[in-house]
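Heads up, the numbering used here is the position in the sequence shown plus 216, with the first residue counted as 1.
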Amino acid sequence: MIVSRTQKAGFSLYAGLVLLVFYFPVFCIIVASLSKRRFFSFPYPQEQITFKWYEDALTSPQVHDFVSVSLRIGVVTALASVTIGFFSALAYARYRWKGRKTFQRLVLLPLFFPQSVLGLALLMWFNFLDVTTSWWTAAIAHTVWIAPITTLIISIQAYGLDESLEEAARDMGATRWQILRKITIPLLLPGMISATCFAVLLSWGNFALSLFTTGADSALPEWLYARMTSGYQPMVPAVGVLNVLFAIILVLVLFGIVKWSTRKSRRATAAAGGH
């Protein structure tokens, strides 16, 4: 297909507009975080540029507390979601059993609930059970919404899993645990790492579910919202920029791990096929 110069220019313009829409808000918070002024304005003179708000964000005990709560929620959510997603993906991607399609629909159903409605429902459920809401109830709420996503990610890898490798190991006398530990998990590891990345990032930035279920243990998105609506100062966008940097670093590290684990699983597959 021959593309004219006009079409190329149109495609480039369209791509540029899309990227502008995606990244202009990030540019705005970077600009706001570097200003000495209390309220956002642009442009501003060079002498108004400061890194004070980043220093305040990195040394603030209050910010440390909120980050600690978000980290605990994110880690527990990721571990629980990936565990649930791993076994759920194997259940409906690898085996045929009565009720399999119904199970698949029920597992994915929470994805279609508005998060505010799901958060309210879980809050009412916790109150009915007389459970005091805290960071771990927020982790449960996040898991309810994120586990279907990790299930989808891992199931993509599970559908492409070569069953003959497990059958060969079974014929050689390997137990189910040995097959799971030495064949199934290594081959599904890239999908599990990707699911972990998504789980941490989705949990880290989740506001609606955290608002309803954290109780006294407020997470970082709640603090950012509270400071934006009352008591704003440029430290708020500075914390937002640090959040973006954390997400970028996490994604880069996990992509590197996925690349490494993919090469490792391919070598393991080739070795098993050679035998």
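Note that the Cβ used here is the ideal one computed from N, Cα and C, for glycine as well. Predicted, not measured: the structure shown is a model, and the values here were computed from it.
How many Å lie between W420 and R392 at the Cα?
-> To locate residue 420, count along the sequence shown from 1; it is residue 204. To locate residue 392, count along the sequence shown from 1; it is residue 176. So the two alpha carbons sit approximately 35 Å from each other.
Okay, do the region 292 to 309 and the region 348 to 363 touch, 3+ Cβ pairs below 8 Å being the bar?
-> yes
Are the beta-carbon atoms of G301 and T222 separated by less than 7 Å?
-> Along the sequence shown, read from residue 1 onward, the residue named residue 301 stands at position 85. Along the sequence shown, read from residue 1 onward, the residue named residue 222 stands at position 6. No, these two residues do not count as a Cβ contact at 7 Å.
Whose CA, out of R310, I372 and D281, lies closest to the CA of G407?
-> Here residue 407 refers to the residue found at position 191 of the sequence shown. G407 has its Cα closest to that of I372, out of R310, I372 and D281.
Quick one, which of K475, Y308, R253 and G335 has its alpha-carbon nearest V423's?
-> Stepping through the sequence shown from its first residue, residue 423 is reached at position 207. Sequence check: residue 423 is Phe here, not Val. Cα-wise, what sits closest to F423 is G335.
Inter-residue Cα distance where the pair is E383 and A305 = In the sequence shown, the residue the question calls residue 383 occupies position 167. In the sequence shown, the residue the question calls residue 305 occupies position 89. E383 and A305: Cα-Cα distance of roughly 19 Å.
How many Å lie between Y375 and L324 at the Cα?
-> Along the sequence shown, read from residue 1 onward, the residue named residue 375 stands at position 159. Along the sequence shown, read from residue 1 onward, the residue named residue 324 stands at position 108. Taking the straight line joining both Cα atoms gives about 17 Å.
Should I265 and P453 be called a contact, given that it needs their Cβ atoms to be closer than 7 Å?
-> Here residue 265 is taken as the residue at index 49 of the sequence shown, counted from 1. Here residue 453 is taken as the residue at index 237 of the sequence shown, counted from 1. No, the pair does not count as a contact, with Cβ atoms beyond the cut-off.
Any 3 or more C-beta pairs closer than 8 Å across the region 426 to 434 and the region 269 to 276 | no
With a threshold of 16 other CB atoms inside 10 Å of the CB of Y239, please say whether the residue is buried or exposed.
-> Counted from its first residue, the sequence shown places residue 239 at position 23. Y239 should be labelled exposed.
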